[in-house]
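Quick note on the working numbering: the sequence shown kicks off at 1 and runs consecutively.
We treat Cβ as the ideally placed atom computed from N, Cα and C, and that holds for glycine.
These figures come from a predicted structure and were not determined experimentally.
To start, the structure itself, in structure tokens.
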Amino acid sequence: MASIIRIKRSSGTSKPSSLNWGEMAYVTGIGSYGGTNQYKDRVFLGDDGTNVNPIGGHYYTSMMEHTPGNLTGVTNSRNSDGGIVPVLDSSKKIDEWNVDNLRLDGNQFSSTNTDGDIVFNPNGSGDIMVPDDTKIAFGGGINGIDAPQAFIRYDEVGDDHLEIGSDVDSVGKVKFTNATQATNTSDGSVVFAGGISVAKNAVVGGDLIVSGGNTKLGNIRIENNIIASLAGADNTIFIDPYPDGLSNEGNVIIKGNLQVDGTTTTVNSTQSTVNDPIMTVGDVTSSRTVFATIASGVSTAILDDVTGIAQNDLVQGTGLPNSGLTTITSINTGVKMITFTGTTTSGISTGAQFTITHATDTNTDRGLSFKYNTGIGTANTSEGFFGLDDSSIAASTAGTGNHGTHADDSRRWTYVPDATISASVVTGTKGFLDVKGLYYQSGNFSTGGVVWFDDKGLQRSTNAPASPIDTSKQILTAVTKVVLTMPGNVTLAKGDIIKQASTNAFGVVESAVNAGTSVPLIGVEGTFNNSNTLVREGQSGGTSNLAAPSSVATTYVNKPHWTSTLDGGTF
């Protein structure tokens with residue numbers, strides 16, 4: 001009689017909590033890796049420590065139920081996660097292999113993600129090696145299986161050079177041998193036996209040597225670190241980043257500092273942005289270029305420009321007297337020549353740079369000028385200015401366009417909307433200033449003081465109300481105003497005194513109140529609250545009680561007022 005031996009079994013989701021040594025158990029169902037069904041469709045075996053270990057089951061064997069060596073088109077419908085175990089054939093091969101986004105199939109190595117790159121990245125100093133005389137081919141059709149149209153190959157059998165070839169044109173060569181410097185047309189690391197047509201940029205890291213023939217770059221000359229124009233270029237050089245040429249589009253990026261030694265800098269852009277938190281105008285240093293060779297032992301130099309240079313300015317440069325720093329004694333603007341103290345210690349070549357340090361008060365203004373139109377036509381173009389008014393310091397008498405000088409010789413910040421600017425000196429009628437407020441620096445005002453004008457038009461501060469003076473003329477008083485909101489209508493006369501006995505606060509009714517709830521008080525002393533009742537004292541001496549205000553609002557505190565009335569009150 002046949003016997004049936006059954007092992008432990010379960011249709012749940014948990015593995016056995018324990019098994020005896022050699023005891024087996026099975027959990028039925030559709031299994032998966034991880035999750036709720038991670039123990040289903042598996043056979044477990046207990047070891048000598050009663051530990052439960054998976055040893056098999058359809059979950060595992062279903063992954064291998066396919067033809068050895070075959071992965072293409074293979075699926076696993078048994079397991080919920082569809083896992084597959086690759087099985088090599090007798091030749092130790094598999095028909096397809098995928099790693100992340102890379103696929104190896106037949107002779108093709110490809111990426112499986114859309115627009116995915118394939119990166120060859122050897123570790124450390126490793127290289128990507130291609131055997132001798134093996135081509136890297138291009139132009140083999142969309143799938144790369146057609147005959148190539150071009151290739152790169154290291155020709156070991158031939159002349160030991162890297163060869164670039166094509167099946168359309170005759171084979172040409174680009175030879176990369178080493179970093180040997182080229183001295184002629186045939187010994188460089190790259191050799192072109194025929195003509196060269198370059199459709200893109202050409203970048204040269206060393207000297208550009210042309211043996212025979214002419215090198216033409218239009219009207220541009222490049223020599224050492226100088227880019228200059230040639231005759232016929234109208235003394236103009238264009239740097240144009242836009243491919244269509246001479247438009248206002250594109251960007252020119254200068255990686256480093258920019259120095260402009262000309263006399264005029266024009267910016268035609270509609271918006272200018274700088275990152276500097278502080279911009280400087282009227283710098284006291286500038287550079288000049290030696291325009292003619294200077295002999296040793298002379299005290300003159302011809303420069304590219306002498307505009308802005310003044311007598312007593314300093315000039316610095318190699319070969320100048322006094323260890324390269326001397327003083328300018330005169331300027332000849334006609335021939336752009338300066339004369340300096342002492343004589344040169346050596347010859348100075350054309351193109352050398354001098355640094356000019358301005359050391360003279362030229363009484364010229366500093367700031368920003370701007371232009372605008374006030375109507376139709378060029379006749380309505382005006383020029384304005386705002387900045388430091390330095391030129392008026394030279395005069396001590398105030399007048400039209402000149403505020404004169406104060407004893408401390410302080411410079412002024414000014415605004416002239418319709419200005420005349422000549423030799424960096426601005427004249428014209430000053431404009432208005434529209435701002436929310438002005439702050440005086442500490443020490444130049446008194447708290448509670450009043451601004452007044454001196455005879456030069458300078459605004460100054462009076463003394464503080466806490467430090468009054470004796471006077472027999474006009475009285476300038478500091479007044480505080482509050483508005484009381486009453487819980488009911490009241491009728492009050494202008495000049496009535498409102499007191500709050502508990503706080504000792506009092507004030508004078510500013511304007512009559514006729515059956516209203518808003519009571520304006522001026523000349524307020526003390527602090528009103530909305531808790532205590534009020535007392536009204538009329539101008540005839542009568543008194544009456546008023547309810548406590550609902551609210552108290554302060555309009556201003558210690559605001560200066562001229563007054564012609566001093567009220568001693570009643571008794």
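A straight-line Cα-Cα distance of about 13 Å links residue 108 and residue 146. Within 10 angstroms of the beta-carbon of residue 312 lie fewer than 16 other beta-carbons, which makes it exposed. The DSSP-derived three-state label of residue 129 is coil. DSSP, reduced to helix, strand and coil, places residue 384 within a strand of the structure shown. Within the region 6-33, the beta strand (DSSP E) runs of at least 3 residues that lie entirely inside it are, in chain order, 8-10 and 24-27.
The C-alpha of residue 536 lies about 10 Å from the C-alpha of residue 509. Under the DSSP assignment, residue 321 falls in the alpha helix (DSSP H) whose first and last residues are 321-324. Taking a contact as a CB-CB distance under 8 Å, the pair residue 76 and residue 69 does not count as one, their CB atoms being some 17 Å apart.
Sixteen is the threshold: since fewer than 16 other Cβ atoms of the shown chains lie within 10 Å of the Cβ of residue 379, the residue is exposed. According to DSSP, residue pairing for residue 389 in a beta bridge involves 412. Of the candidates 365, 307 and 325, 307 places its Cα closest to the Cα of residue 337.
Excluding five sequence positions before and after residue 330, the CB atoms of its chain that fall closer than 7 Å to its own CB belong to 311 and 339, given in chain order. Here the alpha carbons of residue 414 and residue 433 stand approximately 10 Å from one another. For residue 296, the secondary structure class from DSSP, reduced to helix, strand or coil, is coil. Counting only unbroken stretches of 3 or more residues, the beta strand (DSSP E) elements lying wholly within the region 414-444 are 420-422 and 425-427, in sequence order. For residue 61, there is no enclosing beta strand (DSSP E); the enclosing alpha helix (DSSP H) has its first and last residue at 58-61. Boundaries of the beta strand (DSSP E) around residue 223: 220-223. When 18, 71 and 435 are compared, the shortest CA-CA separation from residue 49 is found for 18. For residue 486, the enclosing beta strand (DSSP E) begins and ends at 475-492. Non-local C-beta neighbours of residue 499 in its own chain, meaning closer than 6 Å and more than five positions away in sequence, comprise 506 and 535, ordered along the chain. When only Cα atoms are considered, residue 543 and residue 437 end up about 43 Å apart. Counting only residues of its own chain and dropping the five nearest sequence neighbours on each side, residue 370 has a CB closer than 6 Å to the CB of 384.
Unbroken beta strand (DSSP E) runs of no fewer than 3 residues, entirely contained in the region 35-98, are found at 42-46 and 52-56, following chain order. The Cβ atoms of residue 423 and residue 364 lie closer than 8 Å to each other. If you ignore the 5 residues before and after residue 97, its C-beta comes within less than 6 Å of the C-beta of 104, all in its own chain and listed in chain order.
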